[in-house]
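Structure record follows, encoded as structure tokens.
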Amino acid sequence: MKKILAIFTTLSVFLAVWQMTENRINVDRINNDETSLEAFLPTPSTIYTSFKDNFGLIISETLITLERAFAGFVSGFIMAVAIVALFSFFPILRHVGIPISVAINSFPIIGFSPIIILFFGQGTSLSIVFISMLISYFPILINLDNFVRGIPADIFNMMKIYNSGNRQIFLKLIFPLSIPTIIETAKLAVPASIIGATMGEWLGTRNGIGHLITVSLYQLNPGVLYASLAAIMFSSIISIFALSVIGKIVTPWVIKN
Amino acid sequence: MGFVPQQPLLLPNRTVRQNIELPLEIKKTRDNDAVTAIIELVGLKGFEDFYPHQLSGGMKQKAAIACALVYNPKILLMDEPFSSLDMITREKANYDLISIKQKIGQTVIFVTHNIEEAVFLSDRVVFISGIPGKIISDIPIKMGNRRHREIMTDESFFNEIKKVRKVMAMA
């Protein structure tokens, strides 16, 4: 209750201060131009009005983006979990797999995305899903692998005393112990996948929230721009919240401090 | 062989009962009666559904003993199982171990650096040298079944300790 109150208060103060920027003038000292700040930073009330007026459009475009992001996240997630599982069966693969993954992860995927879009063809969902997958795949892989390697050797030895084979070590030990980490990394990967999808749309589609952002930018309609960003942000927050709830249900044994 | 390590190794995602079931699950010989019996034997009845992080150090070690005994091994090897416990809990753990031992048929091999603990628990105390580990001496302890709290202050107990100390001084 205290927590909710604290969040609510902070948010209210933040929005109130923001609302006070209404009618402020922005001075461009280079061109000696005076413009209303509204062009760059519309007030919360303006954003809300834009959101209400374009409700159908924003929601339908957001759903398109979320669909792509979800497809990207799920494929990246399955790939990362499968690869870490493979590592635990064939440890030798890790020596190859991790350096390659780290190398690819340092590669600026966003910068590379125009090439991906050209490869899959402009306007296709597949290119967006692919970018989103690449972006969500690495945080899951790296964090999950770190966790699995951190499981104390003593516990593995214990399993060997019970005569358990690799398959049982995976099913009884590695996988159940990893579930909290899987959920935590999903919390990182879900927003990443949504950002990836939005970026991809920005560059190469005719629909989705990323496209709506581009259009509203060109139409000098900051209200819609910010409303679109807010829609994306809320989708992320809701997903993270849902993951927290799932985590609490499936891993009641996790110690809370 | 059953093995009880220095630090109790229980899986945090399993309750006491599920931890004790683990060796049986792996050996594919589920036996609920055996699990219930062993929980009662080590004195964890009522704590079956607790997770390891909800247990005290002594109780965790009891659960670890139960894990090692549940598949009925011929020998139970305990590697300084009580070294991480404080002295009072440790003594209590010793009494509990004696009462468990009296109900089971297994031979227990108990590694310790504590002479009192060794004398109190054992029928034989075997001295092993440092690397390379060689048996230096094998001392019989003549206390029969008189392993209870009172014996700790009894002269016969001190005599056995003296005997062991003498051997240790020569080594």
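Quick note, the sequences are listed as chains A and B, same order. When we follow this note's numbering, the leftmost residue of the first sequence carries the number 245, and every step to the right adds one. When we follow this note's numbering, the leftmost residue of the second sequence carries the number 1295, and every step to the right adds one. In this text, a Cβ means the ideal position worked out from N, Cα and C, and glycines have one as well.
Less than 9 Å divides the Cβ of residue 1364(B) from the Cβ of residue 1329(B).
Between the alpha carbons of residue 1304(B) and residue 376(A) lies a distance of about 39 Å.
Between residue 358(A) and residue 300(A), the C-beta spacing is not below 9 Å.
Assigned with DSSP and collapsed to three states, residue 464(A) falls in coil, not helix or strand. Between the stretch 384 to 400 of chain A and the stretch 414 to 427 of chain A, the count of Cβ pairs shorter than 8 Å is three or higher; the stretches touch.
Residue 1296(B) sits in a strand when the DSSP states are folded into three classes. Interface residue (Cβ-Cβ distance to chain A less than 9 Å): residue 1366(B) is not classified as such. By alpha-carbon distance to residue 1464(B), the top candidate from 1317(B), 1376(B), 1431(B) and 1340(B) is 1431(B).
Within its own chain, the residues whose Cβ lies closer than 7 Å to the Cβ of residue 330(A), once the five positions on either side in sequence are excluded, are 337, listed in chain order.
Bounds of the alpha helix (DSSP H) holding residue 254(A) are 246 to 263. Counting only unbroken stretches of 4 or more residues, the alpha helix (DSSP H) elements lying wholly within the stretch 1364 to 1429 of chain B are 1381 to 1397 and 1409 to 1415, in sequence order. Take the alpha-carbon of residue 1415(B) and the one of residue 1435(B): they are about 9 Å apart. Contact annotation: in the stretch 403 to 416 of chain A, residues whose CB is within less than 7 Å of a CB in chain B are 405, 406, 407, 408, 412 and 416.
Residue 280(A) is bridged by DSSP to 269(A). In this structure residue 306(A) does not touch residue 467(A) by the C-beta definition: roughly 16 Å separates them, more than the 8 Å allowed. By the Cβ criterion, the stretch 1340 to 1353 of chain B is in contact with the stretch 1380 to 1395 of chain B, since at least three pairs of Cβ atoms, one from each stretch, lie closer than 8 Å.
Taking a contact to require three or more Cβ pairs closer than 8 Å, the stretch 362 to 373 of chain A and the stretch 1317 to 1335 of chain B do not qualify as touching. Secondary structure at residue 1434(B): strand, using DSSP grouped into helix, strand and coil. Out of 275(A), 276(A), 246(A) and 402(A), the CA that lies nearest to the CA of residue 1320(B) is found in 402(A). DSSP places residue 496(A) outside any alpha helix (DSSP H), giving it a letter other than H or E.
In its chain, beyond the 5 residues on either side, 1300, 1301 and 1351 have a beta carbon closer than 7 Å to the beta carbon of residue 1378(B). Collapsing the DSSP output to three states places residue 275(A) in coil. Using a Cβ distance threshold of 9 Å, residue 1336(B) and residue 1372(B) do not count as a contacting pair. Where residue 1462(B) is concerned, the enclosing alpha helix (DSSP H) starts and stops at 1449 to 1464. CA-CA distance, residue 1388(B) to residue 1317(B), rounds to 25 Å.
The C-alpha of residue 308(A) is placed about 10 Å away from the C-alpha of residue 302(A).
Annotated three-state conformation of residue 1340(B) is coil, per DSSP. When Cβ pairs closer than 8 Å are counted between the two stretches, the stretch 475 to 495 of chain A is seen not to touch the stretch 390 to 410 of chain A, the count staying below three. In terms of beta-carbon proximity, residue 1439(B) stays away from the interface with chain A, with every pair separated by 9 Å or more. By the Cβ-count criterion, residue 1401(B) is exposed, with fewer than 16 other Cβ atoms from all chains shown falling within 10 Å of its own Cβ. Within chain B, 1303 have C-beta atoms less than 7 Å from the C-beta of residue 399(A), given in sequence order. Contacts between residue 421(A) and chain B, judged by CB atoms closer than 8 Å, involve 1305, 1306 and 1307 in chain order. Residues of chain B whose Cβ lies closer than 7 Å to the Cβ of residue 499(A) are, in chain order, 1347.
For the stretch 1318 to 1334 of chain B, the beta-carbon criterion of a distance under 8 Å to any beta-carbon of chain A is satisfied by 1319, 1320 and 1321.
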